[in-house]
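Participant: If you use my numbering, the sequence shown closes out at 217, no skipped numbers anywhere.
All C-beta atoms, glycine included, are put in the ideal place defined by N, C-alpha and C.
Computed from a prediction, not measured in an experiment: that's the story for all the values here.
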Amino acid sequence: MACILVLGTPRSGTSCVAGILHHLGVPMGEELMPPDEWNPAGYFQDREFELILADGLGVFTFPPWSDVDSLPRSRKFNNCKKTLRQTATAIKNLADSRQGLWGVKSNRLAYLLDAMPVDMKVIRTFRPEADSIASWAARARTSVEASTPIIRNMNLAIEASLQKANITPYIADYNTILSDPAAGVTGIASFVGVPVTQAAIDFVNTDFRRFANGE
Numbered sequence: 003m004a005c006i007l008v009l010g011t012p013r014s015g016t017s018c019v020a021g022i023l024h025h026l027g028v029p030m031g032e033e034l035m036p037p038d039e040w041n042p043a044g045y046f047q048d049r050e051f052e053l054i055l056a057d058g059l060g061v062f063t064f065p066p067w068s069d070v071d072s073l074p075r076s077r078k079f080n081n082c083k084k085t086l087r088q089t090a091t092a093i094k095n096l097a098d099s100r101q102g103l104w105g106v107k108s109n110r111l112a113y114l115l116d117a118m119p120v121d122m123k124v125i126r127t128f129r130p131e132a133d134s135i136a137s138w139a140a141r142a143r144t145s146v147e148a149s150t151p152i153i154r155n156m157n158l159a160i161e162a163s164l165q166k167a168n169i170t171p172y173i174a175d176y177n178t179i180l181s182d183p184a185a186g187v188t189g190i191a192s193f194v195g196v197p198v199t200q201a202a203i204d205f206v207n208t209d210f211r212r213f214a215n216g217e
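So this is what it looks like as structure tokens:
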């Protein structure tokens, strides 16, 4: 079994990278979250994983890593129905049921990295923080001030979890991928160990940068 985990802050290109993996032939889930007005090309996000995470962590919950790391096992996140231990067990069971090469995209899995397969590879998306913050503010129709801790908390959680697990991720630069799709797709395919496909290159579109700088 080989798992490819896509991690990144909101609005940093995770859907783009997950879509590239999908078009490279990496299964990203039996049932994917459907496209919507915010992401018309699709999220390529596994519905089974997302239902577990929503049940256990709440919807769009990105607490500081320090809060997560010190949580008693019986304490609950805001708006969640399961304890952290129950959520981790459910994630591990689902991950263990997957066979062969497969992928999953979910930034909140950074809080539950211990439940993921030990042999997984991680692709971490990168986008300048200011762009991600402005994009989230425009997408969520909120202020830059309110959006800043969401992006920063998630970034810190990813950094801390990867360091704790001693994982060196492949860095997928969102802007570089959009400016040179062939090179971006080739780098990802090489890291995963699959052939480059024209479908993956053609999938990349500069229109993905929908909310850059607040637009």
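Taking the beta strand (DSSP E) that Ile125 belongs to, which residues open and close that run?
Facilitator: Run containing Ile125: Lys123 to Phe128, per the beta strand (DSSP E) assignment.
Participant: Could you tell me the distance, in whole angstroms, from the CA atom of Asp98 to the CA atom of Asp209?
Facilitator: Distance between the alpha carbons of Asp98 and Asp209 is about 36 Å.
Participant: Mind checking who Asn95 pairs with in its DSSP beta bridge?
Facilitator: None, per the DSSP bridge assignment.
Participant: Please report the straight-line C-alpha distance between Glu39 and Ser134, rounded to a whole angstrom.
Facilitator: Glu39 and Ser134: Cα-Cα distance of roughly 18 Å.
Participant: By Cβ distance, which residues of its chain are closer than 7 Å to Val146, with the 5 residues on each side in sequence left out?
Facilitator: Within the same chain, Val146 has close Cβ partners Ile135, Ala136 and Ala139.
Participant: The alpha helix (DSSP H) spanning Asp220 covers which residue range?
Facilitator: No answer is possible for residue 220: it lies beyond the span of the chain, which begins at 3 and ends at 217.
Participant: Between the alpha carbons of Asn157 and Ser108, how many angstroms are there, rounded?
Facilitator: In a straight line, the C-alpha of Asn157 is about 13 Å away from that of Ser108.
Participant: How many angstroms separate the CA atom of Ile173 from the CA atom of Gly15?
Facilitator: For Ile173 and Gly15, the distance between alpha carbons rounds to 11 Å.
Participant: Could you give the residue range of the alpha helix (DSSP H) that holds Ile6?
Facilitator: Where Ile6 is concerned, there is no enclosing alpha helix (DSSP H), although the beta strand (DSSP E) it sits in stretches over Ala4 to Leu9.
Participant: Which whole-angstrom value describes the C-beta separation of Leu34 and Gly44, a residue pair presumed to lie in contact below a C-beta threshold of 8 Å?
Facilitator: That belief holds up - the Cβ atoms of Leu34 and Gly44 are roughly 7 Å apart, short of 8 Å.
Participant: Whose CA, out of Val19, Gly10 and Ile6, lies closest to the CA of Ser185?
Facilitator: Reading off the sequence shown, one finds Ala at residue 185, where the question assumed Ser. The candidate whose alpha carbon is nearest that of Ala185 is Val19.
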